[in-house]
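In the numbering used here, the protein residues as written are 118 to 885. Note that beta-carbon positions come from the ideal geometry of N, C-alpha and C, so glycine has one too. Report on the following structure.
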């Protein structure tokens, strides 16, 4: 025997019927022989155990398979039927790429496993339903019309039919597990009945003759066996197999094995365990709810396979009907779910096709075998509604009432509106896995509390509420202003934008405000102020405007008050007693800026005397009255220097800068002076200009005779008199010159006249 079951976490357990059932949404697997049948949830992956060779895979929907070879390469394939060749060190991974579950079967080579009917405590629907139940009696029926089978190892022309199940015995502080087998062997023209009991309490469970009592014996300390004498086989034949368990009067567990070939039940062996027990029962349990001590699952199965000792039967022809039932306390009923393969025995078969007939029955004939699901007594139903997504497991064929009231009030200020379901029906018979999704809208009651009462509204869950209460204006300069908005007691500001996820209360806190009108010389304003608050006039004093105006001496309604308690609407008139303007004046001598009172008169002198012989005259502006901001540059038409002329001619006075002072010719002391240069008033000061001086005279001696030997001098310049005694002297000078004449008293002409007689007299004398 080689059998194990793997099951994922069980979720959403529901005690729906007498048999407890669970919808499985995690990976779940059943193994039998060299095959494994597994459920993969959406997007899940799982590796396949193997020892190398060929792997056959069948799936109800296409799956993806990756083979990771030991060499490092990867082979990818997909489909519903795959043949994979792998080595012992290669890894095979199956992946479900879909958004729904997938059920697949993988066999290590051609399927070789017990074939017939089996219940593993898990219905491999999509998704699976796990369940458990217990009983005291299991029976099986077989009607054989013909067969042609060969048991390979034992060299028999025949096969066996096995009824296998697990019994749980509870003693003080310990639980024991036993595999019970009621077997009918058929070969050639013979039929025989055999039973076996295996201890599954531990991995190496043993049995001793002293601990068990029956008509059989313990073999090799491994198992208990009882075999009847073979009987002649005449086909067709109908056989019933029975296994019953219970407690004796003294509390010892017993196992009864029986058969019926049409003449009544023959209980051919009644085995007693020589221990005290509290309970004994046949159990079918999901793996994580209860595995045997050596890891086997507690199941029941009715299968065909080889005769004894791990033998393998090959069928060439077969006509066999099987039926499996258990006692539920009131009647015999078929198991909730049936596979076409078993696993709690080491014998296997091939070449058998299984067709389900209903009522826990199947017809076995020669053909191609594929591990498959035959029948499920339970159907998984997934319901998605306002309570969320839930799985239910219901009896196959159950009529489901899918109706929902149009409106369901949840009692917590929440309601659900239903608009139908994905099946579009009010009722449906559950004969296959169903997914029923209701169209609904969950709504929550939203209360808005404000000054005028409370308003209620149903709002869809997930909807976004954008609410801006706004201020309430009355007709007399009064309003109720929003001071804060609360969502479920938490402040959120003055507006609300929230996603509705539950019943919600929006409350608006308001404050009474009055309109305060402030009338000012500029920038008059209106403001709403809270009742009872103090309104402070924030006007500056002085108040400088950007246009160069300053107000000072602020008065509010004629008073110096700056704060007013807000008790009603009010108008405040702001006035300034003083007005100033910004004045910027630039003159040639300075630049003045500053605030000046309105009406100030700015006067500018006609003459600006710098005191250094320079002055300005004729200003561009004589005076300005400050009636507005002033920006002024005063310019003077003329700049003058005070000029004093000395020397030959004297004059003084104001002269325009750069002007030419015209000089006159003059005669002083007989000397004629003519200006020899131009005087330009480039600077103030004393100027002594250059003159050309000319002096004309006649030099005579005392007798009035011209004296050519005379010299005339003028400011250091001398001129010799002419033969006629005339003389002209000229020079350049900046001063008045005093002319001077130098001459002998006697002109040579006069001397000559007197010398002539004397000469004559002398000549005369010499001649004498």
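Residue burial classification, residue 127 (beta-carbon count within 10 angstroms, cutoff 16): Low per-residue confidence applies at residue 127: pLDDT is 26, beneath 50, and the placement is therefore not dependable, though the value from the model is reported in the following sentence. A buried status is given to residue 127, since no fewer than 16 other beta-carbon atoms sit within 10 Å of its beta-carbon.
Buried or exposed (CB count within 10 angstroms, at least 16 for buried), residue 293: The residue in question, residue 293, is buried, as its Cβ has 16 or more Cβ neighbours within 10 Å.
Contact with chain C by residue 766, beta-carbon distance below 8 Å: The chain inventory of the structure shown lacks chain C, comprising one protein chain alone.
Supposed contact pair residue 152 and residue 270 - C-beta distance, whole angstroms, cut 8 Å: Not really, about 20 Å apart at Cβ, beyond 8 Å.
Within 8 Å, strictly: CB atoms of residue 483 and residue 434: In this structure, residue 434 lies closer than 8 Å to residue 483 by Cβ.
Same chain only: Cβ atoms within 8 Å of residue 476, ignoring 5 sequence neighbours per side: The answer, listed in chain order, is 440 and 451.
Residues bridged to residue 371 [DSSP beta-bridge criterion]: Residue 371 is bridged to 363 and 389.
Pairwise C-alpha distance: residue 614 and residue 648: Rounded to the nearest angstrom, the two C-alpha atoms are 29 Å apart.
Delimiting residues of the beta strand (DSSP E) encompassing residue 712: Here the beta strand (DSSP E) through residue 712 covers 708–714.
Given 8 Å, three or more beta-carbon pairs between the stretch 822–829 and the stretch 778–789: No: the two stretches stay apart, fewer than three of their Cβ pairs being nearer than 8 Å.
Length of the line joining the Cα atoms of residue 673 and residue 655: Each residue's CA atom was taken as its position, placing residue 673 and residue 655 some 11 Å apart.
Status (buried if at least 16 other CB within 10 Å, exposed otherwise) for residue 327: Here residue 327 is exposed. Its C-beta has fewer than 16 other C-beta atoms within 10 Å.
Limits of the unbroken beta strand (DSSP E) element including residue 307: 307–316 is the extent of the beta strand (DSSP E) around residue 307.
Given 8 Å, three or more beta-carbon pairs between the stretch 235–249 and the stretch 186–199: No, they do not touch.
Cβ-Cβ distance between residue 218 and residue 174 below 8 Å: Against a cut-off of 8 Å, the Cβ pair of residue 174 and residue 218 comes out as no contact.
Own chain, CB closer than 6 Å to residue 242, minus 5 neighbours either side, in chain order: Contacts found: 493, 497 and 550.
Cα-Cα separation, residue 508 to residue 159: Cα to Cα, the separation comes out at about 16 Å.
Contact set for residue 761: own chain, Cβ-Cβ below 6 Å, skip 5 residues either direction: Sequence-distant partners of residue 761 (beyond 5 residues in either direction) whose C-beta falls short of 6 Å from its own C-beta, in its chain, are 769 and 803.
Exposed unless 16 or more other CB atoms sit within 10 angstroms - verdict on residue 304: Buried, by the Cβ-count rule.
Cβ neighbours of residue 338 in the same chain (closer than 7 Å, five flanking residues each side left out): Excluding five sequence positions before and after residue 338, the CB atoms of its chain that fall closer than 7 Å to its own CB belong to 323, 324 and 325, given in chain order.
Buried/exposed call for residue 547, threshold 16 Cβ in 10 Å: Its Cβ being crowded by 16 or more others within 10 Å, residue 547 is buried.
DSSP state of residue 871 mapped onto helix, strand, coil: When secondary structure is reduced to three states using DSSP, residue 871 falls in the helix class.
Contact between the stretch 634–644 and the stretch 582–589 (3+ Cβ pairs under 8 Å): Counting Cβ pairs under 8 Å, fewer than three are found: no touch.
Rounded separation between residue 742 and residue 610 - CA only: Rounded to whole angstroms, residue 742 to residue 610 spans 56 Å at the Cα level.
Contact check, residue 759 vs residue 730, beta carbons under 8 Å: A contact, by the Cβ cut-off of 8 Å.
Whole runs of the beta strand (DSSP E) within the stretch 499–573, excluding any shorter than 3 residues: If we require 3 residues or more, the beta strand (DSSP E) runs fully inside the stretch 499–573 come out as 505–512, 515–518, 524–526, 531–538, 544–547 and 551–567.
Segment limits, beta strand (DSSP E) that includes residue 162: Taken as a continuous stretch (DSSP letters only), the beta strand (DSSP E) holding residue 162 covers 162–164.
Spatial distance of residue 122 from residue 411 (CA atoms): Here residue 122 scores only 25 on pLDDT, less than 50, and its place in the model should not be relied on; the value that follows carries that caveat. Roughly 12 Å separates the two Cα atoms.
Beta-bridge partners of residue 773, as assigned by DSSP: Answer is 757, bridged to residue 773.
Outcome for residue 794 when other beta-carbon atoms lying within 10 angstroms are tallied against a minimum of 16: Classification of residue 794: exposed, given that the 10 Å Cβ count is below 16.
Reduced DSSP category for residue 281 - H, G, I as helix; E, B as strand; rest coil: DSSP places residue 281 within a strand segment (E or B) once states are collapsed to three.
Option in 317, 457 and 353 with minimal Cα separation from residue 233: Comparing Cα-Cα distances from residue 233 to each of 317, 457 and 353, the minimum goes to 457.
Residue 236 beta carbon less than 8 Å from that of residue 416: Against a cut-off of 8 Å, the Cβ pair of residue 236 and residue 416 comes out as a contact.
Residue from 662, 658 and 664 with nearest C-alpha to residue 670: Of 662, 658 and 664, the residue nearest in Cα terms is 658.
Beta-carbon proximity list for residue 211, same chain, < 6 Å, skipping 5 on both sides: So the list reads 163, 180 and 182, once near-sequence residues are dropped.
Limits of the beta strand (DSSP E) - the one that residue 180 falls within: Here the beta strand (DSSP E) through residue 180 covers 170–185.
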